[in-house]
Amino acid sequence: MDAFVIHGGKRLKGTVRVSGSKNASLPLMAAALLTEEPMTLRDVPHLSDIGNMVSLLRELGCEIEHGDDHVMTMRVTDEMNSHARYDVVRTMRASICVLGPLLAKRGEAKVSMPGGCAIGDRPVDLHLRGMEALGAEVTLDGGDIHVKAKKLRGARIFLGGPFGSTVLGTANVMSAAVLAEGTTVIEQAACEPEVVDLADMLTSMGANISGAGTPRLIIEGVKELKGVDHRVIADRIEAGTLIMGAAITNGDVKIENCPLDTLTAAMDRLNAIGVTAEPVEHADNPMRCTVSVGSARRLEPISVTTQPHPGFPTDLQAQLMALLTLADGNSMVTEKIFPERFLHVAELARMGAKCYRQGPTVMVSGVKKLTAAPVMASDLRASAGLVLAGMAAKGVTKVNRVYHLDRGYERLEEKLRGIGAEIERVAE
Ligand code: EPU
Numbered sequence: 048m049d050a051f052v053i054h055g056g057k058r059l060k061g062t063v064r065v066s067g068s069k070n071a072s073l074p075l076m077a078a079a080l081l082t083e084e085p086m087t088l089r090d091v092p093h094l095s096d097i098g099n100m101v102s103l104l105r106e107l108g109c110e111i112e113h114g115d116d117h118v119m120t121m122r123v124t125d126e127m128n129s130h131a132r133y134d135v136v137r138t139m140r141a142s143i144c145v146l147g148p149l150l151a152k153r154g155e156a157k158v159s160m161p162g163g164c165a166i167g168d169r170p171v172d173l174h175l176r177g178m179e180a181l182g183a184e185v186t187l188d189g190g191d192i193h194v195k196a197k198k199l200r201g202a203r204i205f206l207g208g209p210f211g212s213t214v215l216g217t218a219n220v221m222s223a224a225v226l227a228e229g230t231t232v233i234e235q236a237a238c239e240p241e242v243v244d245l246a247d248m249l250t251s252m253g254a255n256i257s258g259a260g261t262p263r264l265i266i267e268g269v270k271e272l273k274g275v276d277h278r279v280i281a282d283r284i285e286a287g288t289l290i291m292g293a294a295i296t297n298g299d300v301k302i303e304n305c306p307l308d309t310l311t312a313a314m315d316r317l318n319a320i321g322v323t324a325e326p327v328e329h330a331d332n333p334m335r336c337t338v339s340v341g342s343a344r345r346l347e348p349i350s351v352t353t354q355p356h357p358g359f360p361t362d363l364q365a366q367l368m369a370l371l372t373l374a375d376g377n378s379m380v381t382e383k384i385f386p387e388r389f390l391h392v393a394e395l396a397r398m399g400a401k402c403y404r405q406g407p408t409v410m411v412s413g414v415k416k417l418t419a420a421p422v423m424a425s426d427l428r429a430s431a432g433l434v435l436a437g438m439a440a441k442g443v444t445k446v447n448r449v450y451h452l453d454r455g456y457e458r459l460e461e462k463l464r465g466i467g468a469e470i471e472r473v474a475e
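Its first residue numbered 48, the sequence shown is counted upward by one per residue in my numbering.
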């Protein structure tokens, strides 16, 4: 198992590029199952979650190449196997993305029921409610979700749950509804940019979808979809992490391919802390602008609550908390999407942070400095928060089990080294 060794206290300086989005790529890849024609995806990052999805799609009869140039070519050549096995699903929950496409194209799918994970229970009831509404018979068989339908029929479907909508649930139901007969209306659809990217690609494939990016999606079913050549949107969570990395080291960094327009809530909170991110080029194309990040010497404390998009993203909560440990006063962080997503709190405390948790809320009482320590977290974003803390702490921080980071950040240590961090990957 690899670890990162970080010699903290270096200001980040220079230019770094944001990769294509992991969370957009996964449902886009699964959508290859909806057509027999070839599909090309561009800017797909090399990550372990992407590798897992490649393996799963190959098992499901899809030929795939993923080049060093981040271009992925895909084509389904065999539709015999529609079973996403437990061994695959337990390594990556997002395997559930194949459920809707398989059901729509092959009339049947078996996907092992994802278990709980480090950030909470994560049920899939809303996904299944959507499939049932479209006319599928849903059963549970030996730990597998089995969905089956001779024909899918459009329906009105409500996808709101106790914590808001569901991102992958919306992707799944939309991917099934594009080939259903008639009109589907999804109420309380997720508005995340990754859902919009999927809707854009499905539309280029011949689907008829309106309302993407709003809570009401309207889908007119079509008979078949064709191939497509599509560029994946930039990763807003990686961009936000890099912005906070610049801020926590009091750095001065240019971030290319930064999807600033999808980071409104994050920038609102960062501005309140004293962090600025100004577009410096391509202002005409905010999806792919370069931003110049700077921060005040004194970081202001703030209150923040995670929410579905366009609210503050849960996937940036741990990184923001790392930054707030050094603010001048008390901050409040409330987690409304995954109320147990606080694995970083105890680890930050090992570095001298003062965090007091009560249920879904953590009060972060800013300290003057963090101290280096060996730390570890069993979640991707929690680990990213610890890397940021390590870059700010004087001394040597070791972040263990970085395979969590490799699931969602492409060559993070190389990118950070490129802008002045002293960070190395070591084998344990
Ligand atoms: N929920 C239900 N029932 C469902 C589905 C979800 O109650 O059927 C609940 C969840 O337990 C949670 C809330 O609804 O409380 C939102 O979950 P959602 O379904 O939106 O999460 P997801 O689609 O499984 C994606 C991202 C996550 C990100 C969340 C929220 C991917 C592959 N994953 O998960 O990303 O945190 O949306 O924005 O897109 C990450 O990248 O580190 C990550 C965890």
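Note that CB positions come from ideal geometry on N, CA and C, so glycine has one too.
| request: Answer yes or no: the CB of proline 170 versus the heavy atoms of the ligand EPU, is any distance below 7 angstroms? | output: yes
| task | Indicate the three-state DSSP secondary structure (helix, strand or coil) for proline 240 in the structure shown. | result | helix
| request: Entirely within the stretch 314 to 374 and at least 4 residues each: give me those alpha helix (DSSP H) ranges in chain order. | output: 364 to 371
| said: I need the DSSP call for arginine 472, collapsed to helix, strand or coil. | reply: Note: arginine 472 maps to strand in three-state DSSP.
| query | Residue range of the alpha helix (DSSP H) that lysine 462 falls in? | reply | 459 to 465
| Candidates Ala324, Arg132, Leu104: closest to arginine 122 by CA position | Nearest of Ala324, Arg132, Leu104 to arginine 122, Cα basis: Leu104.
| field | alpha helix (DSSP H) segment containing aspartate 134, residue limits | value | 133 to 136
| said: Does the beta-carbon of leucine 427, which I'm using as the reference point, lie nearer than 7 angstroms to any heavy atom of the ligand EPU? | reply: Leucine 427: yes, Cβ under 7 angstroms from the ligand EPU.
| field | Delimiting residues of the alpha helix (DSSP H) encompassing valine 217 | value | As written in the sequence, residue 217 is threonine, which differs from the valine given in the question. Counted as a single uninterrupted DSSP element, the alpha helix (DSSP H) harbouring threonine 217 occupies residues 214 to 224.
| beta-carbon proline 360 near the ligand EPU non-hydrogen atom, thresh 7 angstroms | yes
| Can you tell which of Val194, Ile192, Met248 has its C-alpha closest to the C-alpha of alanine 218? | Among Val194, Ile192, Met248, the Cα nearest to that of alanine 218 belongs to Met248.
| message | Nearer than 7 angstroms: is that true of the beta carbon of threonine 213 relative to any heavy atom of the ligand EPU? | response | Threonine 213: yes, Cβ under 7 angstroms from the ligand EPU.
| message | As a quick exercise: from Thr231, Ala151, Ile166, Gly437, pick the residue whose alpha carbon is nearest that of lysine 195. | response | Ala151
| field | Burial state of aspartate 282 (16 or more Cβ within 10 Å) | value | buried
| said: Can you tell me whether proline 421 is helix, strand or coil according to DSSP? | reply: strand
| How about alanine 79: is its C-beta nearer than 8 angstroms to some C-beta of chain B? | Absent here is chain B; the protein component of the structure consists of one chain.
| Cα-Cα, which of Pro386, Leu317, Asp453, Met423 is closest to leucine 371? | Leu317
| query | Using CA coordinates, which residue listed in Val101, Asp188, Phe210, Ser129 is at the minimum distance from glycine 167? | reply | Phe210
| field | Check: proline 92 C-beta below 7 angstroms from any heavy atom of the ligand HEM | value | Annotation note on the ligand HEM: not contained in the displayed structure, which lists the ligand EPU as its ligands.
| leucine 80 and valine 145: beta carbons closer than 8 angstroms? | yes
| query | Sorted by chain position, which residues of the same chain lie with C-beta nearer than 8 angstroms to aspartate 96's C-beta, five sequence neighbours on each side aside? | reply | Taking aspartate 96 as the centre and dropping the five residues before and after it, the same chain places the C-beta of Lys69, Leu73, Met139, Ala141, Arg454, Gly455 closer than 8 angstroms to its C-beta, in chain order.
| query | Does the beta-carbon distance from cysteine 238 to proline 355 come in below 8 angstroms? | reply | yes
| In chain order, what residues of the same chain have a beta carbon less than 7 angstroms from the beta carbon of phenylalanine 205, not counting five sequence neighbours either side? | Glu234, Gln235
| For arginine 278, the residue or residues it bridges with in DSSP | Arg89
| query | Alpha carbon to alpha carbon, what distance is there between leucine 363 and glycine 207? | reply | 22 angstroms
| Same chain only: Cβ atoms within 6 angstroms of methionine 252, ignoring 5 sequence neighbours per side | Leu272, Lys273, Val275
| Cβ-based burial, lysine 462 [other Cβ within 10 Å; buried from 16] | buried
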